[in-house]
Structures are given as C-alpha cells and as structure tokens.
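Q:
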Amino acid sequence: MQRLLKSPHVTGWLLASPVALVLAVFLILPIVMIAVISFWTATEFAIVPAFSFENYQFLFGSSVTYRVFLNTFRYAAITWAITLALGFTIAYFLAFHVRSQTWQMVLFLLCTIPFLTSNIIRMISWIPFLGRNGIANSALMSWGLIDAPLEWLLFSDFAVILAFVHLYTLFMVVPIFNTMMRIDRSLLEAASDAGASGFQTLVNVIIPLTKPGIMIGTIFVVTLVMGDFITVRFMSGSQSANVGRLISNDIALLQYPSAAATAMVLLVTVLIVIGALLRLVDIRKEL
Amino acid sequence: MDRRPRSFYVLATLFGLFLVFLYGPTLTIGILSFQGPGGGLTFPMRGASLHWFRQLFEQQQVGDIWGSFRRSLVLGLMVMVTTLVVSVMGGLAFRKRFRGSGLLFQLVIASLVIPSILISLGVGLMFSQAGLPVHWAGSGFGAQLTWTLPFGLLIMFAVFNRFNGAYEEAARDQGATPWQTLRHVVLPIIAPSLIGVGLFGFTLSYDEFARTLLTAGSYNTLPLEIFGMTTNVTTPVIFALGTLTTLFSLVVIGLFLVTAAVMNRRRARRASDAGRAV
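The listed protein sequences derive, respectively, from chains A and B. Note that the numbering used here gives residue 1198 to position 146 of the first sequence, counting from 1, and the numbers run on in steps of one. Note that the numbering used here gives residue 493 to position 256 of the second sequence, counting from 1, and the numbers run on in steps of one.
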C-alpha cells in the first residue's frame, strides 16, 4: 500500500480524480447522450428511441442549414478580425507603452472586470445607445450627419458584431498580453540597435513572438462566437440566425433529436476548427 | 526617463476609447435606471427617481427576482468552493506526468471550447432521460463546473509552472511530511492565486446563462430570470435590476481584490521570503 501510494501515477490519478469525474459525468456523458439521441425520432409529445438517420438527412438536405452555417462562419470571421486588431493594439499598449508596473496592473484589471459581470446585462445596455431614439441616432442627427434615424443600428448584424466585439475582445487581450510580457526586452533593444524602426520591430520581432497568444485568443473568440445562440437572438431581434439559434429553436419546439443532430454537426465543425488551430500552438507551454 | 514617442499618445487615446466602449453602455443604464416614473428605455430622462428600484422590491410586479438572486448566490458559492478544491488538487496532480495526463489535459481544454449549448442540452437530456430531477443545485451545478473548472485549472497550471520547488525540498529536508509541506509551505505560497480562482469560480457561476438554461429546472437563477424579463418587460425596471446586479458583482470583485492586496501587504510586512517564489 505504501509503495502503491508512492507511485507518481497513483498519486497523480488520486489528485486528478475529482476533475476527471466531473468532466466524465458532465462533459463526456452528455455528449454521448446527444450523439445517441441524434439518431432518435420525435413525435409531437415525446422522443422515441430509434436508429434513424432521418435527422441528419433532413439537416443536410435543407438549404437553410448551409445558409445558417455560412452565416455562423461569417460572424466568427468578422468578429475574429476585429477583436484581433483591437485586442492586439490594447495588449501592445499595456505591455510596451505603460512603464510602471502598478499602472499596468490597474489598466489590465480595468480591461478584465467587465468579463466578470453579466453578459446579458452588457447586451441589454446597448439598447439606449443603438435604439431608434437612442444616443447614437440623436447625436448623429444633432450634428447634422443624418436627417432620419438609422434603422440598422439595433436589431441587425451590425448590432450582433458590435456585441460580440464588446463581450469577447478581452479573450484576445489577456492571452496576447500574457505572451507579450514574456518577450525578452533585450530582443527589442537588439532590434533597435541593429537599426530597425519601431514598425519593423513590431512586424519582425513582436508579432512572430506573440503568435501563441494570438492563437489562444483566436480559439476562444472563434469557439465562443460559433457556439453562441443568445447574442444573435437578442441583438438581431430574431432577424438573423446562426447554428446555435437553429439548435435552440428546435429545443423550444421540444424537437430534441433534431436539436441533437444539429448540435453534433456544430460540435464536429468546432472541433475541426480547433484541431487546425491547435496544430499551430502548444497551449501547455504557454501557461 | 526618455520622452514618450508619439505612438504612445495615439495608443493611449485608443485605450481610453476602448475603456469608454467597455464601460459606457453599463454606465448609461446605470443613469437611466434613475428615470422618473414616466420615463422610457432611452434618454431623455423624465425626471429622476428611485421608482424603478422600488418596483424591484415589490416582488409580484416583476417575477421572483429575490428568489432567483438567492439561488444564484448559493450556487455561486457552491461552484466557487468546488472549483477551488478541485482545481488545486488537479494543479498538484499535473505537476508530475502520470499515465493519461495528456488526455485529461485535452479534456480540460475541450471543456472550455465546446459550445455551452451542447453541455446545456446534453446534461438536461441526460438527467431527464435517467429520471433524475433537473435542478439548479444538481444538473445546473455540474454543468457550470465544466466552465469554471478549466479556468481554475489553467490558473493553477500557470501558478505551478512558476513555482520554485526548492521550498518544498527545504521542508522535506527538515522532516516535514508531504501533508505538512502542502499545508505549511505550498498552500501559503499559492494563496493569492487561490483568491483569483475563487473569484473566477464565483463570478462565472453567478453570471452563467447558456449552461444553466436547460439544466436549472423549474427554479430560475438570476441570469435566467433577467433574460426572461427581456422578452416581456419594456420599462427601466430591467435597467434598475441590471445596475443592482452589476454593482453586486463589482462589490464581490472589490472584496476579492482587497483580500489579495491585504494578504500581499501582510506578507511583505512579515518580511518572509516566501512570497518571492510566486
């Protein structure tokens, strides 16, 4: 017994067993459950065990599916591009331009705090800004830039992307800032001694060394946007659709097998995207 | 100190605008929640009053807000404690390679990137098919852990990657048992990071929506209650609620930060060298 407890494998598993247990019960089992139910059929009142490809046939046979998946990718791509540009700039400012450590800490915290407050409230808080009689429209009208209120500010794709950027830029800032802080400052000095301009240092030294952080941020933003169902529903006023909404609509109609099939396709899509991204970065090394 | 380049001022302005973008909307609903009784969801303010806050306390008007707040609070504390204990154990486990540790690590990452709606749907279906009650403190609790544990573990991995093992060796050399080493050496050194893990555990649970949607059962948590309100409440009462719950979050964050600061200061005053390892 004593010897058994000394084995690193045994103590490792003993310590890791709670997390393994939680993930087995609340991550693996539910996904197995979804996989199984995606082959079931549904009546109006109940779901019936079966082994039928009906749900998948319907899913892949409908042009709506392709449109919605395409739209989901479009949201992910646009949000990714904006959050990357914005997040990189913010992290760059914090890491290389703020000189006192205390200020760095304070400004970094200011960026992170909204992440710890409610996403739904943060979405709701755009209403007074973007509404027909909102702040944006009144300001633009009083400056004489427009004559009539813009209708596309709230409940539109614009609003959806705005909310995504608002909610998720932080997921870019934190990992990029983290990798930037580990860049050896003497490399920057070496670059400038060798006659590189600030811009050349940025492109040839900082950006390549920040790539792992960019990758981790990308994984976060892409998966959050692809799996979202609530931001799109709320900010588009139910006028746009993404895969998450397809699933939640089926759930609302109690069509669980159909929802499960769509969820499986979404899962596979996300895993393929992540798999591709993970080939470019070793997360464990970056912590 | 040399002069700042012009790029500094450009970037500083951009950073300022980013902060306005982050906080502006929240501040706006903070102001608008003081609308007069006749006011609407946007400016202009029609007088100023506490009317909408008062409505929140007249329960029947807007649903079971206080009940859902209580549930969110209890659930947040449950998730916080569990996340803390499980993450620290997991962090300790991952300091050494063990058979299957790579696979378990990938599972942790998977838990972070798998869309929340799958967890919500899967856990909900699993409980209902197994005939178990779908309840926020059971299925909801477990579903939330799949989101908070990866964050807790990632923080712990980062902490232990920077941990100086010499302190443990010193303790062992002086005859400390593994438990004594953990209790009197390792835990005190990592304590400030534990506050971070606790903060994440609580706030992520308190605000979680997607993973609780199909797993909370018949009693709503606060985010679910608020979301329900967005579909049928068109008065500033929703802003008042948003302001209050955001303030609550800020107070909680402040408490955690103050605790961490006090801890650091106490440590510095005692002039112990323990803190320098972190």
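Note that beta-carbon positions come from the ideal geometry of N, C-alpha and C, so glycine has one too.
Whose Cβ in chain B lies nearer than 8 angstroms to the Cβ of Asn1294/A?
A: Correct list: empty, because the minimum Cβ distance to chain B is about 11 angstroms.
Q: Leu386/B and Val1074/A: beta carbons closer than 9 angstroms?
A: Their beta carbons are under 9 angstroms apart, which means Leu386/B touches Val1074/A by this criterion.
Q: Can you tell me which of Gln1252/A, Phe1121/A, Val1217/A, Asp1302/A puts its alpha carbon nearest to the alpha carbon of Val1273/A?
A: Here the closest residue by C-alpha is Val1217/A.
Q: Considering Cα atoms alone, identify which of Leu484/B, Gly379/B, Phe397/B, Thr383/B is closest to Ala428/B.
A: The shortest C-alpha separation from Ala428/B is found at Phe397/B.
Q: For the candidate residues Gln1252/A, Leu1219/A, Leu1306/A, Ile1324/A, whose alpha-carbon lies nearest to that of Met1010/A?
A: Beyond the ends of chain A as shown, which are 1053 and 1339, falls residue 1010/A; an answer cannot be given.
Q: Can you give me the C-alpha to C-alpha distance between Ile392/B and Cys1163/A, rounded to a whole angstrom?
A: When rounded, the distance between both Cα atoms is 18 angstroms.
Q: Would Pro535/B pass as an interface residue toward chain A - the criterion being a Cβ-Cβ separation below 9 angstroms?
A: Outside the shown range of chain B (238 to 515) lies residue 535/B, about which nothing can therefore be said.
Q: For the alpha helix (DSSP H) that Leu1132/A lies in, which residues bound it at each end?
A: Just to set this straight, residue 1132/A is Trp in the shown sequence, not Leu. Looking at the DSSP string, the run of the alpha helix (DSSP H) that includes Trp1132/A is 1115–1144.
Q: Sort Ala1215/A, Val1320/A, Leu1298/A, Tyr1308/A by Cα distance to Ser1115/A and report the nearest one.
A: When only C-alpha atoms are compared, the closest one is Leu1298/A.
Q: Name the residues in the region 1167–1195 of chain A whose C-beta lies less than 8 angstroms from a C-beta of chain B; which are they?
A: The region 1167–1195 of chain A vs chain B, Cβ under 8 angstroms: Leu1168, Thr1169, Ser1170, Asn1171, Ile1172, Ile1173, Arg1174, Ile1176, Ser1177, Trp1178, Ile1179, Pro1180, Phe1181, Gly1183, Asn1185, Gly1186, Ile1187, Ser1190.
Q: For a cutoff of 9 angstroms on Cβ pairs, would you count Ala1243/A as touching chain B?
A: Chain B contact via Cβ: absent.
Q: Beta-carbon within less than 8 angstroms of Val1150/A's beta-carbon, same chain only, minus the 5 sequence neighbours each way: which residues are those?
A: Within the same chain, Val1150/A has close Cβ partners Gln1156, Leu1159.
Q: Going along the chain, which residues of the region 1300–1313 of chain A sit with their C-beta nearer than 8 angstroms to a C-beta in chain B?
A: Cβ contacts with chain B come from Ser1300, Ile1303, Tyr1308, Ala1311, Ala1312.
Q: Can you have a look at Tyr443/B and say buried or exposed, based on whether 16 or more other CB atoms are within 10 angstroms of its CB?
A: With 16 or more other Cβ atoms within 10 Å, it is buried.
Q: Going by DSSP in three states, Ala285/B sits in which element: helix, strand or coil?
A: Three-state DSSP puts Ala285/B in a strand.
Q: Taking Cβ positions only, does Met1278/A come closer than 9 angstroms to chain B?
A: Cβ-Cβ to chain B under 9 angstroms: yes for Met1278/A.
Q: How do the region 1074–1085 of chain A and the region 349–356 of chain B stand: do at least 3 beta-carbon pairs fall below 8 angstroms, yes or no?
A: Yes: the two stretches touch, three or more of their Cβ pairs being nearer than 8 angstroms.
Q: Is the beta carbon of Gly389/B sitting closer than 9 angstroms to the one on Ser324/B?
A: Yes, Cβ-Cβ distance for Gly389/B and Ser324/B is below 9 angstroms.
Q: From which residue to which residue does the alpha helix (DSSP H) around Asp1302/A run?
A: Per DSSP, Asp1302/A belongs to the alpha helix (DSSP H) from 1295–1304.
Q: Alpha carbon to alpha carbon, how far is Leu362/B from Asn457/B? Give it in angstroms, no decimals.
A: In a straight line, the C-alpha of Asn457/B is about 18 angstroms away from that of Leu362/B.
Q: Residues of chain A with a CB under 8 angstroms from the CB of Gly327/B: which are they?
A: Within chain A, the residues near Gly327/B are Leu1067, Ala1068, Pro1070, Val1071.
Q: Would you mind stating whether Ala477/B and Phe290/B have Cβ atoms separated by less than 9 angstroms?
A: Yes.
Q: Is Ala498/B helix, strand or coil when you go by DSSP?
A: Looking at Ala498/B - three-state DSSP - the assignment turns out to be helix.
Q: For Arg1224/A, decide whether its Cβ has a neighbour in chain B, counting only Cβ atoms nearer than 9 angstroms.
A: The amino acid at residue 1224/A is misidentified as Arg; the sequence shows Met. No, because no Cβ of chain B sits closer than 9 angstroms to the Cβ of Met1224/A.
Q: Just curious, the alpha helix (DSSP H) that Val1088/A is in, first and last residue?
A: It spans 1081–1089 - the alpha helix (DSSP H) in which Val1088/A sits, taken as one unbroken run.
Q: Going by C-alpha distance, which of Ser455/B, Gly276/B, Pro274/B, Ala395/B is nearest Gly377/B?
A: Answer by Cα proximity: Ser455/B.
Q: Find the residues of chain B that neighbour Thr1141/A, judging by a C-beta separation of less than 9 angstroms, and give them in chain order.
A: Here the neighbours are Leu248, Leu251, Phe252, Phe255.
Q: Cα-Cα, which of Trp1204/A, Phe1223/A, Gly1183/A, Val1284/A is closest to Leu278/B?
A: Residue Gly1183/A is the option with its Cα nearest to Leu278/B.
Q: For Pro1070/A, does the three-state DSSP call read helix, strand or coil?
A: The answer is helix: DSSP assigns Pro1070/A an H, G or I state.
Q: Which whole-angstrom value is the C-beta distance of Thr440/B and Ser486/B, which I expect to be below 8 angstroms?
A: The Cβ separation is near 6 angstroms, so the contact holds.
Q: Suppose the cutoff is 7 angstroms on Cβ atoms and the five residues either side in sequence are ignored; what does the same chain contact list for Ala1312/A look like?
A: Excluding residues within five positions, the ones whose Cβ falls inside 7 angstroms are Ile1086, Ile1089, Ser1090.
Q: Would you mind telling me which residues of chain B sit closer than 9 angstroms to Pro1201/A, beta carbon to beta carbon, in chain order?
A: Within chain B, no residue comes near Pro1201/A; the closest Cβ sits about 11 angstroms away, beyond 9 angstroms.
Q: Could you name the residues of the same chain whose beta carbon sits closer than 7 angstroms to that of Gly1139/A, not counting the 5 residues immediately before and after it, in chain order?
A: Once the five neighbours on either side are set aside, the close Cβ partners of Gly1139/A are Thr1221, Met1224, Val1225, Ile1228, Gly1269.
Q: Less than 9 angstroms separating the beta-carbons of Thr1275/A and Val350/B?
A: In this structure, Val350/B lies closer than 9 angstroms to Thr1275/A by Cβ.
Q: Would you give the residue range spanned by the alpha helix (DSSP H) that Leu329/B belongs to?
A: Here the alpha helix (DSSP H) through Leu329/B covers 302–330.
Q: Considering Cα atoms alone, identify which of Pro242/B, Thr319/B, Phe464/B is closest to Trp384/B.
A: When only C-alpha atoms are compared, the closest one is Thr319/B.
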